[in-house]
Amino acid sequence: PCIIPYRHKNGEVFPGETVASSLRAQNNDIIGFIAVIRDVGARIKAETERLEALEVAEDANRAKSAFLANVSHDLRTPLNAVLGFSEIIKQQLLGPVGHPKYVEYAKDIRDSGTYLLDLVNDLLDISTIEAGQRAIRRESIRLAPFFAECTKAATARVTNGAIVGVNLDPEMPPLKADRRALKQVILNLLSNALKFTPPEGKIVLSARRTGDQTTFSVADTGKGIPKENLKNITRAFERGQSSAYATADGTGLGLAIARSLVELHGGELTIDSEVGKGTEVAFSIPDPA
Numbered sequence: 004p005c006i007i008p009y010r011h012k013n014g015e016v017f018p019g020e021t022v023a024s025s026l027r028a029q030n031n032d033i034i035g036f037i038a039v040i041r042d043v044g045a046r047i048k049a050e051t052e053r054l055e056a057l058e059v060a061e062d063a064n065r066a067k068s069a070f071l072a073n074v075s076h077d078l079r080t081p082l083n084a085v086l087g088f089s090e091i092i093k094q095q096l097l098g099p100v101g102h103p104k105y106v107e108y109a110k111d112i113r114d115s116g117t118y119l120l121d122l123v124n125d126l127l128d129i130s131t132i133e134a135g136q137r138a139i140r141r142e143s144i145r146l147a148p149f150f151a152e153c154t155k156a157a158t159a160r161v162t163n164g165a166i167v168g169v170n171l172d173p174e175m176p177p178l179k180a181d182r183r184a185l186k187q188v189i190l191n192l193l194s195n196a197l198k199f200t201p202p203e204g205k206i207v208l209s210a211r212r213t214g215d216q217t218t219f220s221v222a223d224t225g226k227g228i229p230k231e232n233l234k235n236i237t238r239a240f241e242r243g244q245s246s247a248y249a250t251a252d253g254t255g256l257g258l259a260i261a262r263s264l265v266e267l268h269g270g271e272l273t274i275d276s277e278v279g280k281g282t283e284v285a286f287s288i289p290d291p292a
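Residue numbers for the sequence shown follow our numbering, beginning at 4 and rising by one.
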């Protein structure tokens, strides 16, 4: 069908979607045509309004990302100064500070500053990803030492006593992936698992080759996520509304960043969870073309 301007009897012009076909005699000669004209003005108007609204939303999203990136950059410099000077006081590098409470307070300042810096880095990461400015640079990664590095870093961040295990074939060939991005994904998943797994619980980080891709998973025996929250939990600034997730620290960006970094590799992130039994987050990293 094609759209052609037509004129009503009252003189008003309207866009008409025209469908025509020929009429043929028994000997197959064309003896006429039949056409159906449908006024599609309302449909075109609705589509135009939809596209305009989409453009406005995209402009607003770009402005938000630019704002977050600028604010994050501006916050990092003073935060790094706070962290550096509080560490100097805590370690008494320039001499004794006197009352031991001062050392304790310096540690509190550093811990709070580190927490704020993590939030700022999350905001900067999500704004960079949304702006299309995060590039993937693949390199060869041996997973055994890489997993050891990730589990050590994650347990240093969150020390709740849960056991973190690794399930990995030592003969698995190296993976081609962005090292920083992959580490960020795994640390985010391990940190979430550690937050919501009780001290007697268990967390397992694993990887296996499946066809032309490597599949990773972080499984825990924690609180689990209600099914109604699973569809939105990987969206930026979303968190589950169960008592555990609603009161958790952070911006709710960890899973959104993880999903986005996996998708930049051409992979997919999925979540399987049951309340009271635990959660498994799996993601795939395809081999480069």
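Note that the Cβ used here is the ideal one computed from N, Cα and C, for glycine as well.
From residue i to residue j, what distance separates their C-alpha atoms?
i: residue 57; j: residue 22; result: 30 Å
i: residue 10; j: residue 272; result: 53 Å
i: residue 219; j: residue 208; result: 7 Å
i: residue 156; j: residue 231; result: 32 Å
i: residue 50; j: residue 66; result: 24 Å
i: residue 44; j: residue 38; result: 18 Å
i: residue 214; j: residue 285; result: 16 Å
i: residue 109; j: residue 54; result: 53 Å
i: residue 140; j: residue 104; result: 46 Å
i: residue 13; j: residue 47; result: 21 Å
i: residue 99; j: residue 107; result: 13 Å
i: residue 196; j: residue 206; result: 7 Å
Over the uninterrupted beta strand (DSSP E) stretch that includes residue i, give me the two end residues.
i: residue 256; result: Neither: residue 256 is in no beta strand (DSSP E) and is coded neither H nor E.
i: residue 273; result: 272-277
i: residue 222; result: 216-223
i: residue 27; result: 16-27
i: residue 203; result: Per DSSP, residue 203 belongs to no beta strand (DSSP E) and is neither H nor E.
i: residue 286; result: 281-289
i: residue 7; result: 5-10
For residue i, I'd like the list of residues in its chain whose CB is within less than 7 Å of its CB, leaving aside the five on either flank, ordered along the chain.
i: residue 145; result: 177
i: residue 27; result: 33, 34
i: residue 171; result: 146, 147, 150, 209, 210
i: residue 113; result: 86, 89, 90, 93
i: residue 281; result: 222, 223, 224, 225, 227
i: residue 180; result: 141, 144, 268, 288
i: residue 131; result: 72, 137
Taking residue i as part of the alpha helix (DSSP H), name the residues at either end of that continuous run.
i: residue 80; result: 44-94
i: residue 231; result: 230-233
i: residue 179; result: First-last for residue 179: 178-181, but that is the beta strand (DSSP E), not the alpha helix (DSSP H).
Check the DSSP bridge columns for residue i and list the partner residues they point to.
i: residue 209; result: 170, 220
i: residue 114; result: Answer is none; residue 114 lacks a bridge partner.
i: residue 128; result: Per DSSP, none; premise fails for residue 128.
i: residue 141; result: 181
Given residue i, which residues of its chain have a CB within under 6 Å of its CB, disregarding the five upstream and five downstream residues?
i: residue 287; result: 216, 218, 270, 271
i: residue 75; result: 123, 126, 127
i: residue 142; result: 182
i: residue 154; result: 167
i: residue 6; result: 18, 20
i: residue 184; result: 264
i: residue 120; result: 82
Tell me which same chain residues have a C-beta within less than 8 Å of the C-beta of residue i, skipping the five on either side of it?
i: residue 187; result: 128, 260, 261, 264
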